[in-house]
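Q:
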Amino acid sequence: STLFPYTTLFRSPYSIARETESNHRRYETHQAIIRGSMGNTRAELILNFRMSLLLFEQMGDFIQILIREEDRLTHDARQLREIMIDGSWNRQASEMEQRIQAGEVVDLDAQALTGIVNSALIGHFLTKRYFHVSAVAGVDDERIVMTLADLLTGARKS
Numbered sequence: 563s564t565l566f567p568y569t570t571l572f573r574s575p576y577s578i579a580r581e582t583e584s585n586h587r588r589y590e591t592h593q594a595i596i597r598g599s600m601g602n603t604r605a606e607l608i609l610n611f612r613m614s615l616l617l618f619e620q621m622g623d624f625i626q627i628l629i630r631e632e633d634r635l636t637h638d639a640r641q642l643r644e645i646m647i648d649g650s651w652n653r654q655a656s657e658m659e660q661r662i663q664a665g666e667v668v669d670l671d672a673q674a675l676t677g678i679v680n681s682a683l684i685g686h687f688l689t690k691r692y693f694h695v696s697a698v699a700g701v702d703d704e705r706i707v708m709t710l711a712d713l714l715t716g717a718r719k720s
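According to the numbering used here, the sequence shown is numbered sequentially starting from 563.
(1) For the ligand ATP, is there any heavy atom lying closer than 8 Å to the beta carbon of Q620?
(2) Can you give the beta carbon distance from T709 to L607, rounded, assuming they're within the 8 Å contact cut?
(3) May I ask you to verify whether the segment 683-696 touches the segment 641-654, counting CB pairs closer than 8 Å and requiring at least 3?
(4) What is the DSSP secondary structure of V701, reduced to helix, strand or coil?
(5) Would S656 and A672 qualify as a contact pair, given that the criterion is a beta-carbon distance under 9 Å?
(6) Just the Cα atoms here: how many angstroms apart are V707 and D633?
(7) Applying the criterion that 16 or more other CB atoms from any shown protein chain within 10 Å of the CB defines a buried residue, is V695 buried or exposed?
(8) Which same chain residues end up closer than 7 Å to A682 when comparing Cβ atoms and leaving out the 5 residues on each side of it in sequence?
(9) Could you pull out every unbroken alpha helix (DSSP H) segment of at least 4 residues lying fully inside the segment 645-677, listed in chain order?
(10) Measuring only the C-alpha atoms, how far is N610 from A699?
(11) From E659 to R691, what distance separates their C-alpha atoms?
(12) Which term fits D648, buried or exposed, when burial requires 16 or more other beta carbons within 10 angstroms of its beta carbon?
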C-alpha cells in the first residue's frame with residue numbers, strides 16, 4: 563500500500579519532526595525559486611499555485627490519512643497537522659502581506675486572502691482526487707490558478 567510509510571510515521575515523534583522539517587524545506591525552496599524570479603506578480607502567483615497543486619498531488623496519500631484518521635491520530639500527528647496547516651498558512655499570510663504592502667496584490671486582509679486561496683486550491687485538489695477527474699465542472703488546474711492570480715492582482719478580462 564502507498565499509505566504504509568505514512569501509517570508508520572505517526573508512531574514516532576522523530577518521524578513526525580522529520581516530515582515537518584521536510585515539508586518546511588520543500589516550501590522554502592519552492593518560495594525561493596518563485597519570489598521575484600519573473601518580475602511579474604501574476605506569473606509568479608500562477609507558478610506558485612501550480613506548484614502548490616503539484617505538492618498536494620505528491621502529498622496526496624499523506625493528506626488522505628490526515629483526513630481519514632482524524633479521530634485516531636496521536637497527539638504528535640495532530641501537532642504535525644497543526645504545524646503543516648497553521649504554520650504554512652501563517653507564512654503564506656506574511657508573504658501575502660508583503661505583496662499587499664508592495665502594491666502587487668489587492669489591498670485586503672492578508673490572512674483572509676491566504677485562506678481563500680488555500681481553500682480554493684485544496685478544495686479543487688480534493689474534489690479532483692475524490693471524483694477521479696482532471697477538471698471540476700469543466701474547470702481544470704490552469705483555469706483555477708489563472709483566475710486566482712487574476713483575482714489577487716485585480717486583472718480584468720478584456
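Where is the CB? At the ideal position from N, CA and C, for every residue including glycine.
A: Based on what the coordinates show:
(1) Ligands displayed in this structure: none; no statement on the ligand ATP is therefore possible.
(2) Going by Cβ atoms, the distance from T709 to L607 rounds to 11 Å, so no, they are not a contact pair.
(3) No, they do not touch.
(4) V701 falls in the strand class under three-state DSSP.
(5) Judged by their CB atoms, S656 and A672 are nearer to each other than the 9 Å cut-off.
(6) The straight-line gap separating the alpha-carbon atoms of V707 and D633 is approximately 32 Å.
(7) Exposed is the call here.
(8) Leaving aside the five residues that flank A682 on each side, the residues in its chain whose CB is nearer than 7 Å to its CB run, in chain order, I706, L710.
(9) Runs of alpha helix (DSSP H) with 4 or more residues, each lying fully within the segment 645-677, are found at 650-663, listed in chain order.
(10) Each residue's Cα considered, the two are about 23 Å apart.
(11) If I take the Cα positions, the gap works out to 31 Å.
(12) By the 10 Å Cβ count, D648 comes out exposed.
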